[in-house]
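Numbering-wise (UniProt numbering), the sequence shown opens with residue 1 and increments by one. Heads up, the thing below is written out as C-alpha cells.
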Amino acid sequence: MGIKAMLRFWVIIRTMCQFGIDDAIPKRFWPWPLRFARNCLFFWPNRHKDKAIGERLRLALESLGPVFVKLGQMLSTRRDLLAPEIAQSLAMLQDQVTPFPGAAARQRIEDALGQPIEAIFSEFDVKPLASASIAQVHCATLRSNGAKVVVKVIRPKIDEIIDSDVSLMRRFARVIRLIPDARRLRPVEVIEEYRRTLLDELDLIREAANAIQLRRNFEGSNQLYIPEVYSDLCHTNVMVMERIYGIPVSDVERLVAQGTNLKLLAERGVEVFFTQVFRDSFFHADMHPGNVFVSYEHPEDPLYIGIDCGIVGTLNREDKRYLAENFLAFFHRDYRMVAQLHVDSGWVPADTNVNEFEAAIRTVCEPIFEKPLSDISFGHVLLNLFNTARRFNMEVQPQLVLLQKTLLYIEGLGRQLYPQLDLWQTAKPFLERWMRHQVGPGALLDAIKAKAPYWAEKFPEIPELIYDNLQLARRHQQNFGDLSSRYMQRQRARQASLFYGLGGSGCLISASILYSSSIELATTFATIALVLWLLGWRKLH
Numbered sequence: 001m002g003i004k005a006m007l008r009f010w011v012i013i014r015t016m017c018q019f020g021i022d023d024a025i026p027k028r029f030w031p032w033p034l035r036f037a038r039n040c041l042f043f044w045p046n047r048h049k050d051k052a053i054g055e056r057l058r059l060a061l062e063s064l065g066p067v068f069v070k071l072g073q074m075l076s077t078r079r080d081l082l083a084p085e086i087a088q089s090l091a092m093l094q095d096q097v098t099p100f101p102g103a104a105a106r107q108r109i110e111d112a113l114g115q116p117i118e119a120i121f122s123e124f125d126v127k128p129l130a131s132a133s134i135a136q137v138h139c140a141t142l143r144s145n146g147a148k149v150v151v152k153v154i155r156p157k158i159d160e161i162i163d164s165d166v167s168l169m170r171r172f173a174r175v176i177r178l179i180p181d182a183r184r185l186r187p188v189e190v191i192e193e194y195r196r197t198l199l200d201e202l203d204l205i206r207e208a209a210n211a212i213q214l215r216r217n218f219e220g221s222n223q224l225y226i227p228e229v230y231s232d233l234c235h236t237n238v239m240v241m242e243r244i245y246g247i248p249v250s251d252v253e254r255l256v257a258q259g260t261n262l263k264l265l266a267e268r269g270v271e272v273f274f275t276q277v278f279r280d281s282f283f284h285a286d287m288h289p290g291n292v293f294v295s296y297e298h299p300e301d302p303l304y305i306g307i308d309c310g311i312v313g314t315l316n317r318e319d320k321r322y323l324a325e326n327f328l329a330f331f332h333r334d335y336r337m338v339a340q341l342h343v344d345s346g347w348v349p350a351d352t353n354v355n356e357f358e359a360a361i362r363t364v365c366e367p368i369f370e371k372p373l374s375d376i377s378f379g380h381v382l383l384n385l386f387n388t389a390r391r392f393n394m395e396v397q398p399q400l401v402l403l404q405k406t407l408l409y410i411e412g413l414g415r416q417l418y419p420q421l422d423l424w425q426t427a428k429p430f431l432e433r434w435m436r437h438q439v440g441p442g443a444l445l446d447a448i449k450a451k452a453p454y455w456a457e458k459f460p461e462i463p464e465l466i467y468d469n470l471q472l473a474r475r476h477q478q479n480f481g482d483l484s485s486r487y488m489q490r491q492r493a494r495q496a497s498l499f500y501g502l503g504g505s506g507c508l509i510s511a512s513i514l515y516s517s518s519i520e521l522a523t524t525f526a527t528i529a530l531v532l533w534l535l536g537w538r539k540l541h
C-alpha cells in the first residue's frame with residue numbers, strides 16, 4: 001500500500017470513528033484485534049451520538065467524497081441487506097459535487113473527438129449545466145444543424161480515484177467479513193457489484209448504445225421519450241445527446257401548477273416499467289428521480305423523459321415467464337404455485353422441500369394481504385419473497401436485484417405523484433395480457449410467422465430428404481430381409497407418419513404465409529395441418 005493509499009485509509013477510518021459507524025456493531029462480535037485497534041490506534045470519539053445510525057452513515061459517506069456517495073446510493077437500493085431505516089437514510093444521498101473547470105472539459109472533448117470545439121459546436125457553454133460524481137454536462141449547439149445538445153464529459157482522473165477507493169473498500173470488506181453478525185451483508189460481493197456498476201458508468205459508448213436501444217423501443221410512444229444520441233460524436237469519455245426540457249418528476253408542486261394529470265402520470269410509470277421488462281427484456285435500471293423528467297407539453301396527456309442510461313437490466317425468456325407467473329400467483333395468493341415456480345426455474349435447489357417453502361412464503365406474505373391492496377408495496381412484497389427464498393439457498397440473481405431496485409424506484413415515484421396509486425390494479429391486467437399472448441393462439445401464430453422464413457428456405461430440400469429416406473429404407477429392407485414383420489410394419493408406419501408430418505408442415509407454412517392476406521384460408525390450412533399431424537401420430541401409436 002502506497003503512502004497516498006495509507007493516508008486515504010487513515011482519513012476513512014477517522015471519519016468512520018468520528019461519526020460512530022462502529023457503534024452499529026455490537027461489541028461482543030468484535031474480534032480482539034479489532035477491539036485493540038479501535039481503542040489504541042483509532043481513538044477518535046463519536047461526535048454525533050445524538051443522531052440515528054442511518055443519518056450518521058449518510059453524513060460520513062458525504063464527507064468522504066463522490067465515490068463513497070455513489071456507494072451509499074447503491075446500498076440504499078439493497079433493502080435485502082440493510083435495515084429499512086438505514087436504507088431510507090441512504091436514499092437521501094445526493095451528488096453535490098464541485099464541477100471541474102470548463103477549460104478542462106473543453107480539452108477532454110477536443111482530445112476525444114479529434115477536432116477543435118469550434119469545428120463541432122457553434123456555441124459551447126464552459127459553465128456546466130450539472131455536475132455529478134462521475135461526469136458533468138455542458139450545453140452546446142451543433143454547427144452542422146443548429147440542434148441544441150448537451151455534452152457529457154467524464155471527470156479527469158476519476159478512474160484513478162475509483163481504483164484507489166474501491167481497493168480500500170475491498171480491504172474494509174475483508175475485515176468486516178470477520179465479524180459474525182456482518183457476514184450476512186456479504187460485504188466483499190457488494191463491493192464487487194459496486195465496482196462493476198462504476199465501470200459501466202465510466203464507459204459512455206455503452207451508455208450511448210443503451211440510450212439508442214431504449215429510444216428505438218419507445219419510438220412514437222406517448223409514455224416515454226429518450227433523447228436522441230449523436231453516436232458519431234460519442235467516445236468512451238464524451239457523449240453528445242439532444243437537450244431535453246422538462247420538469248423533474250420529483251417537483252410535484254410544479255407538475256400540479258402546470259395542471260399535470262398526476263394519476264395518469266403515476267400509472268404510466270408502472271406501465272413503462274412493465275413494458276420494458278416483459279415486452280422488451282431491456283429496462284432502464286437507474287430510474288431514480290434525478291434521471292426522470294416530465295415534458296412541458298400536453299400536461300393532460302403527460303410524457304416521461306428518461307436520461308442517464310448507463311445502467312440497464314435484461315431478462316431472458318425463462319426469467320420473464322417465471323417472474324410473470326410469480327406475480328400472478330401472488331395476485332391470487334397461490335403460495336404453492338410461487339414455491340413450485342422457484343424450484344422449476346432453478347432459483348432454489350431442486351431438492352427444496354416445496355411444502356416447507358410454501359409455508360415460509362405464506363407466513364411472510366399473508367399478513368401483508370390483510371391490508372388494502374392500495375397500501376401494499378409491490379416492491380416490498382418482491383423483497384420479502386427474495387429474502388424468504390434466500391433462507392432456502394436461493395442463488396442471488398443479478399438481473400432480479402436490478403429489477404427489484406427499479407421496481408422500488410418506480411413504486412416510490414408513483415406514490416409520490418399519486419398517493420392512492422394501486423400498483424397491483426395497474427400491473428395485473430398488463431401481466432394477464434402478456435401471459436395470454438405468451439401461451440394462447442396468438443403466441444402460436446406469432447411463432448409460426450417468426451419461423452416461416454426459415455421453413456420456406458428449407459422446404460425445397462424436403463423432397464430430396466424424403467427420397468434419401470426411402471432409399472435408405474429400401475437398402476435396409478434388402479440387407480436385413482430377415483427382419484420381423486413387426487419391425488417392417490413399424491418402419492412403414494414411420495414412413496407414413498413422416499409423409500403426414502411433412503404434409504402438415506407444408507400446410508402450416510402456407511397458413512403462416514396467407515395469414516396477413518386471408519385469415520379464413522390461413523385457418524383452413526392450419527386445420528388441415530392439425531389433422532395431418534394427428535393422423536401421423538396415430539400411425540406411430
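Note that CB positions come from ideal geometry on N, CA and C, so glycine has one too. Since the structure is predicted, the reported quantities are computational estimates derived from the model, not experimental observations.
Query, Result
"Cα-Cα separation between glycine 54 and proline 187, rounded to whole angstroms", "17 angstroms"
"Inter-residue Cα distance where the pair is arginine 336 and asparagine 393", "18 angstroms"
"Check: leucine 403 C-beta below 8 angstroms from any heavy atom of the ligand FMN", "Of the ligands one can find in the structure shown there are none, so the ligand FMN has no counterpart to examine."
"Residue range of the unbroken alpha helix (DSSP H) whose run includes isoleucine 120", "117-120"
"Lysine 127 to valine 149 span [Cα, whole Å]", "14 angstroms"
"Expected contact under 8 angstroms - CB spacing of phenylalanine 172 and phenylalanine 274 to nearest Å", "Actually they are not in contact, since the Cβ atoms of phenylalanine 172 and phenylalanine 274 sit about 38 angstroms apart, beyond 8 angstroms."
"Backbone CA spacing between glutamate 242 and leucine 408 [nearest angstrom]", "28 angstroms"
"Leucine 483 classed as buried or exposed, judged by whether at least 16 other C-beta atoms fall within 10 angstroms", "Annotation note: pLDDT 48 at leucine 483 (below 50); position unreliable, no value reported."
"CB contact flag (valine 270, glutamate 411, <9 angstroms)", "yes"
"Leucine 472 burial status per 10 Å Cβ neighbour count (16 or more: buried)", "exposed"
"Euclidean distance between Cα positions of isoleucine 120 and glutamate 297", "30 angstroms"
"Inside the region 140-178 only - alpha helix (DSSP H) runs reaching at least 4 residues", "158-176"
"Beta-carbon gap between leucine 402 and isoleucine 311 smaller than 9 angstroms", "yes"
"Unbroken beta strand (DSSP E) run spanning isoleucine 305, endpoints", "304-306"
"Proximal residues to aspartate 203 (C-beta, below 7 angstroms), its chain only, five neighbours per side dropped", "Thr236"
"DSSP-derived helix/strand/coil call for phenylalanine 19", "coil"
"Reduced DSSP secondary structure (H/G/I, E/B, other) of phenylalanine 68", "helix"
"First through last residue of the beta strand (DSSP E) which encompasses proline 248", "246-248"
"Rounded separation between residue 568 and serine 231 - CA only", "Not covered by the structure: residue 568. The range shown for the chain is 1 to 541."
"In DSSP terms, what phenylalanine 293 is bridged to", "Pro248 and Ile305"
"CA-to-CA distance, phenylalanine 283 to alanine 209, given in whole angstroms", "13 angstroms"
"Stretch pair the region 47-62 + the region 2-22: three plus CB contacts closer than 8 angstroms", "yes"
"Same chain, Cβ closer than 7 angstroms to glycine 414, five either side skipped, listed in chain order", "Ala266, Gly269, Val270, Leu421 and Leu423"
"CA-to-CA distance, glutamine 404 to leucine 382, given in whole angstroms", "7 angstroms"
"DSSP-derived helix/strand/coil call for serine 281", "coil"
"DSSP three-state assignment for phenylalanine 392, whether helix, strand or coil", "coil"
"C-beta contact flag for isoleucine 12 and leucine 64 at 9 angstroms", "yes"
"Continuous beta strand (DSSP E) stretch holding valine 238: start and end", "238-242"
"Distance, aspartate 163 Cα to leucine 264 Cα", "44 angstroms"
"CB contact flag (leucine 233, leucine 75, <9 angstroms)", "no"
"First and last residue of the uninterrupted beta strand (DSSP E) at threonine 260", "Run containing threonine 260: none; DSSP gives neither H nor E here."
"Candidates Asn353, Asp301, Phe68 and Thr527, of which the one nearest arginine 170 by Cα", "Phe68"
"Contact check, valine 272 vs tyrosine 304, beta carbons under 9 angstroms", "yes"
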